[in-house]
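Numbering (the numbering used here), first residue to last: 3 to 279. Backbone N, C-alpha and C define an ideal beta-carbon position, used for all residues, glycine too. Take a look at the structure below.
So, in structure tokens, the structure goes:
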């Protein structure tokens, strides 16, 4: 290995460490060395400086680093788009998106999920339709974003559920959780149970358990909520006040709650009685 290639490799490794540790001071020093052409210029290195400043929440500096990139590629755009989305500046992120010669899956997913999170279903669906027209392959994150965006349209949610099943994306935990969250929040108990039990214990995470407990809470299925809470704890998951509150609201009155405890010998060990008392 030549001295120059060794220097480049060392430079890259140090820069990656700076990004991982958000070491802005060392990172800026490396950037100064880079801009003085003491290290050969490359889009790869330029992209990592964009990432560094983005992770350190220096959006203006990240954009400046992007502008200094001689030949930005789709990764360059995606890194900056994600930084603007993180700061909720979606209109700027979309302007950058429109400048990408060939947006990839990451480009679309970032914007679709950004629009979904802010409740702009129309924009999310427009991008989703554009993806399909381009023949661009989708993944679970695409579907979960679109499902979140369409939270006010049960007909569309059911269509997406069917499409996800036919496309094989219903195996993604993000997709299942999005469906489960939608069904549980909107009163579709049977559909929520179908998704939850179809996941398998090895796939479920905290979101899965909490969403199903919420569904039982909304339908005042106290014993079901309590049983699920017990299963969640026994499966090794941490529970928080949101989980506990969901269980408590599943009971119509305190008497019903303690009646539920009496039917479950292990309930006193799960923290619920201590909180109620």
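- When DSSP states are grouped into helix, strand and coil, residue 114 belongs to the helix group.
- The straight-line gap separating the alpha-carbon atoms of residue 78 and residue 222 is approximately 50 Å.
- Residue state for residue 92 is assigned as helix, using DSSP reduced to three classes.
- Secondary structure note for residue 236: its alpha helix (DSSP H) is the uninterrupted segment 224 to 236.
- Exclusion of the five residues before and after residue 89 leaves 61 as the residues of its chain whose Cβ lies within less than 7 Å of its Cβ.
- Residue 250 and residue 224 have their C-alpha atoms some 8 Å from each other.
- Between residue 67 and residue 39, the CB-CB gap reaches or exceeds 8 Å.
- At a cut-off of 4 residues, the continuous stretches assigned as alpha helix (DSSP H) that sit fully inside the segment 133 to 176 are 142 to 151 and 156 to 169.
- Annotated as proximal: residue 114 and residue 148, with beta-carbon spacing under 8 Å.
- Around residue 152, the same chain offers 123, 158 and 159 as residues with beta carbons nearer than 6 Å, after the five sequence neighbours per side are excluded.
- Close CB contacts of residue 144 within its chain, under the 6 Å cut and outside five residues either way in sequence, are with 111 (chain order).
- For residue 28, the enclosing alpha helix (DSSP H) stretches over residues 26 to 37.
- With respect to residue 107, residue 138 sits close: the two C-beta atoms are nearer than 8 Å.
- When the beta-carbon positions are compared, residue 170 and residue 177 stay at least 8 Å from each other.
- Contact annotation, residue 215 with residue 191: C-beta distance approximately 12 Å; criterion of less than 8 Å not satisfied.
- Shortest Cα-Cα distance from residue 64 to any of 76, 154 and 84 involves 84.
- By the CB criterion at 8 Å, residue 175 and residue 185 fall outside the cutoff.
- Here residue 130 carries a helix assignment [DSSP, helix/strand/coil].
- Note on geometry: alpha-carbon atoms of residue 21 and residue 226 lie some 46 Å from one another.
- The criterion of a C-beta distance shorter than 8 Å is satisfied by residue 212 and residue 248.
- Residue range 208 to 220 is occupied by the alpha helix (DSSP H) that includes residue 215.
- Between the C-alpha atoms of residue 132 and residue 125 there is a straight-line separation of about 11 Å.
- A straight-line Cα-Cα distance of about 14 Å links residue 41 and residue 50.
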